[in-house]
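Asker:
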Amino acid sequence: MLKRLTCFAIVLVLNSCQTVVEPSPDPGILRVTLKANEADTTIIIQSDTSRLSRWDEFNLTVSQGRLYRGSNHALLYAKRSIDRIQGSTVNILHREWLNGVPIKKTDITEINTKNSRYITDVVFECFVPPGTYDSLTFTLTATEILIFIPKVYQNPIQLPPGTRPQMQLSTNMTVNEGRVTQVNLEILPFGSLSRYRDSYLFDRKVRVVGVDNL
Numbered sequence: 024m025l026k027r028l029t030c031f032a033i034v035l036v037l038n039s040c041q042t043v044v045e046p047s048p049d050p051g052i053l054r055v056t057l058k059a060n061e062a063d064t065t066i067i068i069q070s071d072t073s074r075l076s077r078w079d080e081f082n083l084t085v086s087q088g089r090l091y092r093g094s095n096h097a098l099l100y101a102k103r104s105i106d107r108i109q110g111s112t113v114n115i116l117h118r119e120w121l122n123g124v125p126i127k128k129t130d131i132t133e134i135n136t137k138n139s140r141y142i143t144d145v146v147f148e149c150f151v152p153p154g155t156y157d158s159l160t161f162t163l164t165a166t167e168i169l170i171f172i173p174k175v176y177q178n179p180i181q182l183p184p185g186t187r188p189q190m191q192l193s194t195n196m197t198v199n200e201g202r203v204t205q206v207n208l209e210i211l212p213f214g215s216l217s218r219y220r221d222s223y224l225f226d227r228k229v230r231v232v233g234v235d236n237l
């Protein structure tokens, strides 16, 4: 009799636990893109005005991303994989033809603003808990810029004195279960630079231009 009562009590406890625990929601996907402003295409270096080139390089390192809901946050990764890659480096001056084919260094067609555009790079894409969020933080740094027309210039880049690598952008967004929420960022690559001795200060003029629920 005692054994039967004990078994009955265990079953009752297990059943009562199942009634109060709700299933965890499936995660959503957050994708963050970064693209240069199409109107920002030139910079003056030592009285020379640059022109678009297939060789130009301005590599930005984006890392340590976090998505905030008040004081709570989810960590962001560069790819949807188990590798937990925290960041990526993109050439923000890289362009593509209007048909979406990236311009190669071996292409011979002259590049201009009418036959090409800046490439949109995905800097973060990972699973996050569904819900509403209010801000996005990440580090954004660079070390140098290379310009090739009208002649080759290679200049070091640094953040303004006292500026932290981490930056924060406020934006309201909702991540839904099993769906993609895409946050589109835009940067002024040349408009973010100001001459400082033999280098350039990188003021990081970045803004959110849209949030898409895909």
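To get our numbering, take the position in the sequence shown, counting from 1, and add 23.
Note that the Cβ used here is the ideal one computed from N, Cα and C, for glycine as well.
The structure displayed is predicted, hence computed values, not measured ones.
#1: Which ranges would you report for the alpha helix (DSSP H) in the stretch 120-156 if only whole runs of at least 4 residues count?
#2: State the DSSP-derived secondary structure class of PHE171, mapped to helix, strand or coil.
#3: Which class does VAL85 belong to by DSSP, given the choice of helix, strand or coil?
#4: Tell me ARG118's beta-bridge partners as DSSP assigns them.
#5: Look at the alpha carbon of ARG230 and the alpha carbon of GLU209, and state the distance between them as a whole number of angstroms.
#6: Counting only runs that start and end within the stretch 49-101, where is the beta strand (DSSP E) found for 3 or more residues in a row?
#7: Rounded to whole angstroms, what's the CA-CA distance from THR65 to PHE213? Just pull it up for me.
#8: Who does GLU200 pair with in a DSSP beta bridge?
#9: In chain order, what residues of the same chain lie with their CB nearer than 8 Å to the CB of TRP78, ignoring the 5 residues before and after it?
#10: Residues in the same chain with beta-carbon distance under 7 Å from SER111, minus the five sequence neighbours each way, listed in chain order, please.
#11: Please confirm whether ASP63 and LEU211 have their CB atoms less than 7 Å apart.
#12: Please classify ASP49 as buried or exposed, where buried requires at least 16 other C-beta atoms within 10 Å of its C-beta.
#13: Take PRO125 and list the residues in its own chain whose beta-carbon comes closer than 6 Å to its own, dropping the five residues that flank it on each side.
#14: Leaving out the 5 sequence neighbours to the left and right, which residues in its chain are closer than 6 Å to THR164 when beta-carbon positions are compared?
#15: Please classify VAL232 as buried or exposed, where buried requires at least 16 neighbouring CB atoms within 10 angstroms.
#16: Would you call the stretch 132-143 in contact with the stretch 196-206, where contact means no fewer than 3 C-beta pairs closer than 8 Å?
#17: Spatial neighbours of GLN69 within its chain, please: C-beta separation below 8 Å, excluding the five flanking residues on both sides.
#18: Among THR132, GLY123, PHE81 and SER158, which one has its Cα closest to the Cα of LEU53?
#19: Using the Cα positions of LEU237 and PRO153, report the straight-line distance between them to the nearest angstrom.
#20: Measuring alpha carbon to alpha carbon, tell me which of ILE115, LEU90 and HIS96 ends up nearest LEU273.
#21: In angstroms with no decimal places, state the Cα-to-Cα distance between ARG103 and TYR223.
Answerer: Based on what the coordinates show:
#1: none
#2: coil
#3: strand
#4: Answer is TYR141.
#5: 5 Å
#6: List check, beta strand (DSSP E) in window: 51-59, 82-92 and 95-98.
#7: CA-to-CA, the gap between THR65 and PHE213 works out to about 7 Å.
#8: Looking at the DSSP assignment, GLU200 forms no beta bridge with any residue, so it has no partner.
#9: LYS128, LEU169 and PHE171
#10: Closer than 7 Å at Cβ, skipping near neighbours: VAL85, ALA101 and VAL146.
#11: Between ASP63 and LEU211, the C-beta gap is smaller than 7 Å, which places the two residues in contact.
#12: exposed
#13: GLU119
#14: THR84 and PRO188
#15: exposed
#16: no
#17: TYR176
#18: SER158
#19: 14 Å
#20: As shown, the chain starts at 24 and ends at 237. That puts residue 273 outside it, with no answer to give.
#21: 34 Å
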